[in-house]
Structures are given as C-alpha cells and as structure tokens.
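Remarks on the structure that follows.
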Amino acid sequence: MRILGMISGTSHDGIDVALVDFDLRDGVLDGRVGHTASTPYAPELRARLVKALPPAETTLAEVCVLDTLIGQSFAEAAATAIEQAGPVDLIVSHGQTVFHWVEGAHAHGTLQIGQPAWIAERTGAPVLSDVRIRDITAGGHGAPLVSVLDALLLAGHRGGAAALNLGGISNMTVVRGLDGLVAYDIGPANALVDAVVSSRGLGERGFDEDGAIAASGRVDQELLDVLLDEPYYLLPAPKSTGKELFHLGYVEEAIAKVGHRVGDSDLVATLTELTVRVVARDVLAAGVDLLVVSGGGCHNPVIMKGLRDALPGVTVALSDDYGAPADDKEAIAFALIGWCTAHGLPGTVPAGTGARAGRILGTLTPGAGPLVLPTPVADPPRSLTLRR
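Read in order, the letters of the sequence shown are residues 6 to 393 in the working numbering.
Written out as structure tokens, the structure reads:
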C-alpha cells in the first residue's frame with residue numbers, strides 16, 4: 006500500500022512529505038521509502054501563521070483563512086509528490102498544530118489546521134487527517150505519536166534504546182522490547198533558539214544554522230539555572246508540551262529574573278545548552294545504551310557534541326542508520342499511522358501517550374472515488390524494516 010505522509014512540525018517552516026510503500030509479511034512490515042521532500046511555506050504565509058500563534062491573540066476569521074491557505078499549501082505539496090513519484094492509495098496529513106491544550110499532567114484538546122478537503126480535491130486520493138485527537142479522548146496526550154514507529158524500528162535492539170526527535174520541541178521514546186516503552190515530550194529543542202533568532206534578526210533563515218551563533222557565545226550560567234528551574238521538567242511521563250509554554254515571552258521573563266542584559270550570541274548559546282542539559286538528563290535517567298536522533302536539531306553540531314560529551318556511555322546515532330532519514334522520520338511515521346488506520350489497527354502505543362488503550366486514529370476524507378479500505382489485519386506487525 007503506497008501512502009504519502011505529510012507534516013509541518015513545531016518549527017512551522019514548511020511541509021515535509023514521505024512516500025512509503027508498505028508490505029506486511031510474516032509479522033514484519035516492510036516499508037520502502039520512495040519520494041521525500043520538504044517544501045517551505047511561502048514567506049508571507051509563515052509570517053501570518055507565526056503572528057497568529059500563542060501567546061498572541063487571533064480571531065476565528067484568521068483561523069479560517071489560515072486553515073484554507075495551509076490546506077492549499079499541503080495540497081500543492083501532495084500534488085507535486087504524486088506528479089514526481091506516481092499515484093498513492095492514501096495521503097496522511099498531520100496539518101499544522103496551532104494549539105495543544107495541556108493543563109498540568111493532562112491534555113484536554115489539540116488543534117491542527119490545513120483543511121484536508123483541498124488535498125483530496127487536488128489529488129483525487131483519500132486523506133486521513135486530525136490524527137491526534139482520538140488519543141486525547143482516550144486519556145492520552147496525542148503525542149508523541151512517532152512512538153509507534155520508534156517501537157517497531159528499535160524492537161530488535163538488545164538492552165535499552167531511545168529515539169530522540171529534536172524539532173521545535175524535543176521528544177523521546179524509550180524502548181525495551183515490544184512490551185517496555187515510554188514516550189513523552191522532554192522540552193524545548195529548537196523552539197526557544199528559533200524564537201530569539203527570528204525576533205532579533207540574527208539569521209536570514211530564522212534558525213541558528215550549523216550552530217554558528219551558539220558556538221560564538223558563552224553560556225550564561227545564572228540564566229541557565231533559571232531556565233532549568235521549570236516545573237514541566239518535573240512532571241512524570243507521559244506528558245506533552247509545545248510553544249504554548251516555550252515561546253519568546255518565556256525567554257524574556259527568564260532574562261528579567263536574572264536582572265542583567267544577555268548578549269545575542271550568549272543567549273543563543275545558553276538556550277542551546279538548555280536543550281542539551283534537559284535531554285541528556287532524561288537520557289541518563291532512562292539508562293539506555295543507544296540514542297537514535299532525528300529532526301532539525303541533529304544538524305546542529307553544538308547540540309550533537311554536547312549530547313555526546315554528556316553521554317559518554319551511550320552510542321549516539323542518526324535515524325538514517327535505521328532506514329529513517331533524520332529529516333523525513335516524522336512524515337514516515339504518519340505514513341505508518343495511515344497504514345495502521347487503513348488496516349484497522351491502533352496507531353498509538355498507550356504507554357507512549359498515556360491513553361487507556363490504543364485507538365485507531367484519524368478522520369477520513371474520500372478522494373475522487375468511493376472510499377475502499379483494505380481487509381483488516383488481525384495481528385499488528387512485530388517489527389518494521391525501512392529501506393530506500
């Protein structure tokens with residue numbers, strides 16, 4: 006079954022797509038990763054989206070407009086992928102998260118926009134969307150959904166392994182065989198650095214490319230201590246967070262507490278060290294011997310060196326070594342969730358989200374023809390092999 010996974014993550018800079026051809030044989034799911042691509046949002050659309058995100062106030066009219074414009078952008082990215090790689094049986098669109106409603110240890114709601122009907126109309130393919138909310142209704146956090154992919158990819162590792170995604174928010178899945186798993190959002194990865202770089206005009210691309218700014222600065226220990234004193238880090242897993250908590254105003258409040266000015270490069274260096282500290286602390290607490298990293302942060306040499314230095318007994322590898330290109334892993338994960346839904350299987354691991362039980366995820370929008378699903382699968386796959 007050929008499935009196109011699509012997502013724009015918490016960095017909200019564009020749309021990642023991955024086409025995966027799945028085949029289940031003898032309990033092993035084989036996934037051939039074909040076309041992958043990343044399509045940046047048009048600058049004016051990204052600026053409009055950023056302006057509407059929390060903690061800013063917006064209107065229902067603006068949400069409606071963004072829902073349409075982002076849906077059309079996803080439709081264009083999907084059509085381009087199909088034009089270059091051939092037809093697909095299903096498209097899975099995560100859309101763009103604009104709010105994730107969490108109070109304390111509980112998630113109450115989540116909102117992803119990017120109207121899927123535009124994708125179905127443009128491509129003629131059925132579209133699975135709104136994939137997080139069913140897990141939340143079952144008592145889960147709706148995140149991190151990538152844990153279903155991590156559990157299958159790392160199932161064969163002897164001992165403890167962890168999969169770390171460094172997007173806007175860092176999340177980690179700890180795997181000890183098929184029956185031992187925990188997953189949760191750790192805290193900020195790139196979110197705070199990106200917010201500072203963009204607001205202070207420090208880089209044309211809105212992020213610290215190659216960690217150059219962080220490398221030129223020095224960590225402000227007093228500010229770092231304030232940032233590390235964040236109640237979220239003490240909450241038990243599973244838990245989830247987002248830019249509703251970790252945004253520019255959060256950084257400005259921390260600076261006000263220390264009472265002295267922090268230079269641009271020193272601020273970026275401090276926020277980058279924050280990512281390293283909170284991630285390394287949780288990896289050490291998990292007691293794993295393998296850490297498999299993906300997401301935009303894995304291209305930041307300051308973060309990667311910091312993690313390797315802080316984790317001397319842990320092998321730190323990229324997800325590319327496991328068949329999931331680091332920049333495409335989340336899109337592949339949503340293609341996998343689509344395969345599960347199409348075959349009547351849960352797309353979540355309850356221990357990874359905190360839900361009462363696994364749930365079949367998403368809402369289906371028919372394509373040009375009747376909606377026809379494959380025969381349900383009785384037993385879920387035991388492992389997953391990805392190849393190009």
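No residue lacks a Cβ here, since even glycine has one placed at the ideal position from N, Cα and C.
Using the rule of at least 16 other Cβ atoms within 10 Å of the residue's Cβ for burial, across every protein chain shown, is residue i buried or exposed?
| i | result |
| --- | --- |
| residue 386 | buried |
| residue 69 | exposed |
| residue 113 | exposed |
| residue 16 | buried |
| residue 163 | exposed |
| residue 383 | exposed |
| residue 178 | buried |
| residue 265 | exposed |
| residue 334 | buried |
| residue 71 | buried |
| residue 181 | buried |
| residue 226 | exposed |
| residue 360 | buried |
| residue 5 | The chain is shown only over 6 to 393; residue 5 falls outside these bounds and no answer can be derived. |
| residue 377 | exposed |
| residue 350 | buried |
| residue 230 | exposed |
| residue 48 | exposed |
| residue 193 | buried |
| residue 52 | exposed |
| residue 102 | buried |
| residue 41 | buried |
| residue 243 | buried |
| residue 140 | buried |
Please name the residue or residues paired with residue i in a DSSP beta bridge.
| i | result |
| --- | --- |
| residue 111 | 108 |
| residue 11 | 22 and 98 |
| residue 189 | 177 |
| residue 47 | Answer is none; residue 47 lacks a bridge partner. |
| residue 42 | 22 |
| residue 27 | 36 |
| residue 132 | 96 and 370 |
| residue 117 | 102 |
| residue 390 | 35 |
Just the C-alpha distance for residue i and residue j, rounded to the nearest angstrom, thanks.
| i | j | result |
| --- | --- | --- |
| residue 127 | residue 46 | 18 Å |
| residue 132 | residue 276 | 38 Å |
| residue 373 | residue 280 | 45 Å |
| residue 348 | residue 29 | 11 Å |
| residue 97 | residue 241 | 31 Å |
| residue 325 | residue 301 | 13 Å |
| residue 110 | residue 143 | 14 Å |
| residue 34 | residue 158 | 10 Å |
| residue 63 | residue 55 | 11 Å |
| residue 245 | residue 278 | 21 Å |
| residue 125 | residue 135 | 14 Å |
| residue 317 | residue 149 | 26 Å |
| residue 369 | residue 106 | 23 Å |
| residue 216 | residue 306 | 6 Å |
| residue 129 | residue 120 | 15 Å |
| residue 311 | residue 232 | 17 Å |
| residue 356 | residue 309 | 28 Å |
| residue 123 | residue 80 | 6 Å |
| residue 85 | residue 50 | 19 Å |
| residue 365 | residue 284 | 30 Å |
| residue 375 | residue 77 | 23 Å |
| residue 346 | residue 146 | 19 Å |
Please go through the same chain and pick out, in chain order, the residues whose beta-carbon is closer than 6 Å to the beta-carbon of residue i, but skip the five residues on each side of it.
| i | result |
| --- | --- |
| residue 354 | 152, 153, 156 and 186 |
| residue 270 | 218, 221 and 222 |
| residue 82 | 20, 22 and 44 |
| residue 315 | 285 |
Got a sec? Which residues, its chain only, sit under 7 Å from residue i by beta carbon, not counting five neighbours each side?
| i | result |
| --- | --- |
| residue 203 | 211 |
| residue 287 | 177 and 191 |
| residue 340 | 8, 9, 10, 23, 25 and 97 |
| residue 67 | 57 |
| residue 99 | 11, 12, 117, 136 and 339 |
| residue 293 | 165, 166, 167, 179 and 319 |
| residue 214 | 208 |
| residue 200 | 252, 253 and 256 |
Taking 8 Å as the limit between beta carbons, can you name the residues of its chain near residue i, skipping five residues before and five after?
| i | result |
| --- | --- |
| residue 91 | 7 |
| residue 323 | 297, 298, 299, 303 and 331 |
| residue 60 | 249, 252 and 254 |
| residue 224 | 271, 274, 275 and 278 |
| residue 392 | 35, 36, 37, 38 and 328 |
| residue 228 | 259, 260, 263, 267, 272 and 275 |
| residue 87 | 9, 93, 128 and 130 |
For a minimum of 4 consecutive residues, which ranges assigned as the alpha helix (DSSP H) are wholly contained in the stretch 145-186?
Within the stretch 145-186, the complete alpha helix (DSSP H) segments at least 4 residues long are 152-158, listed from N- to C-terminus.
Please specify which runs of the alpha helix (DSSP H), each continuous and at least 4 residues long, are wholly inside the stretch 211-253, giving them in chain order.
217-221 and 226-233
Which full runs of the alpha helix (DSSP H) of 4+ residues lie inside the stretch 288-341, going along the chain?
306-315
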